[in-house]
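Just so we're aligned: the sequence shown equals residues 260 to 444 in the working numbering.
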Amino acid sequence: MGGCDKQGFPMKQGVLTTGQVRLLLHRGTACFRGYGRRNGERRRKSVRGCIVIVKKGEHDLPGLTDVEKPRMRGPKRASKIRKLFNLSKEDDVRKYVNTYRRTFTTKAGKKVSKAPKIQRLVTPLTLQRKRSRIAEKKKRIARAKAEAADYQKLLASRLKEQRDRCSESLAKRRSKLSAATKPSA
C-alpha cells in the first residue's frame, strides 16, 4: 500500500503510474473498504499510482525511467482516433492505428502483428450499403402508396356498383308499387 496523497486518494501498489486511475475493486483488495456491501459486488474507485517522482536525479532508474513505454491500447472508434491524433475528415484513420500495433511471436514461432479493428469507419462499402438501404426504403414507400391507391380505386368501384344495384332494386320496387296502385281499366 502506501498511504494517501494530498487530495486524500489512497496509493496502491502495482499501479505503475504517477497519476490517478479508476480501478474496479472488490472486497478484500487494498483501497476498498468492504463493509456494508453485497456479496461479490465490485466498485470503481479512484486510486493514485504508487510511483511518486519527487525529484529527478542525474541518472535514470533502470527499467523505470530509462525506457519510454508505448501505449499498449488506444481508442477503437474512428472518431476517437481522429480526436487523439488531431486528424481531419480527409485523413485516413487506418494509418494511425499502426502506432499502437503490437507485434509478437506465436507458440509456433510465427511473427504476428495485431491492431484493433476500427469501429464506425466510413468506407465506400458502408456508404453503398446505406444508399441501397435508403433506396429500398423509398421503393417500399412507393409500392405501399401505389397499392393504397389501387385499393381506393377498387373500393370506389365496389361502392358505385353497390349504389347502382341499390338504385335498380329501388326502381323495380317503385315500378311494382305504381303498377299495383294503378287501377286496371
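For every residue, glycine included, the Cβ atom is placed at its ideal position computed from N, Cα and C. Here the structure is a predicted model, which means the values were calculated and not measured.
How would you label residue i, buried or exposed, when you count the other beta carbons within 10 angstroms and need 16 or more for buried?
{"i": "V326", "result": "exposed"}
{"i": "V356", "result": "buried"}
{"i": "I340", "result": "buried"}
What did DSSP end up calling residue i once you bin it into helix, strand or coil?
{"i": "V352", "result": "helix"}
{"i": "T362", "result": "strand"}
{"i": "R379", "result": "coil"}
{"i": "S347", "result": "coil"}
{"i": "K373", "result": "strand"}
{"i": "C425", "result": "helix"}
Could you check whether residue j and residue i sit closer than 8 Å to each other, using their CB atoms as the reference points?
{"i": "C309", "j": "K265", "result": "no"}
{"i": "R303", "j": "L283", "result": "yes"}
{"i": "I377", "j": "V352", "result": "yes"}
{"i": "F268", "j": "R307", "result": "yes"}
{"i": "R360", "j": "S372", "result": "yes"}
{"i": "R422", "j": "R379", "result": "no"}
{"i": "L320", "j": "G333", "result": "no"}
{"i": "S305", "j": "R330", "result": "no"}
Per DSSP, what are the beta-bridge partners of residue i in this structure?
{"i": "K271", "result": "G308"}
{"i": "R432", "result": "None, per the DSSP bridge assignment."}
{"i": "Q279", "result": "R307"}
{"i": "V386", "result": "Looking at the sequence itself, residue 386 is Leu, so the reference to Val does not match. Bridge partners of L386: none, in fact."}
{"i": "E284", "result": "Here residue 284 is Leu; the residue named in the question, Glu, does not match the sequence. In the DSSP output, where bridge partners are listed per residue, L284 has R302."}
### Task
Ignoring anything shorter than 4 residues or poking outside the region 294-345, list the alpha helix (DSSP H) runs there in chain order.
337-344
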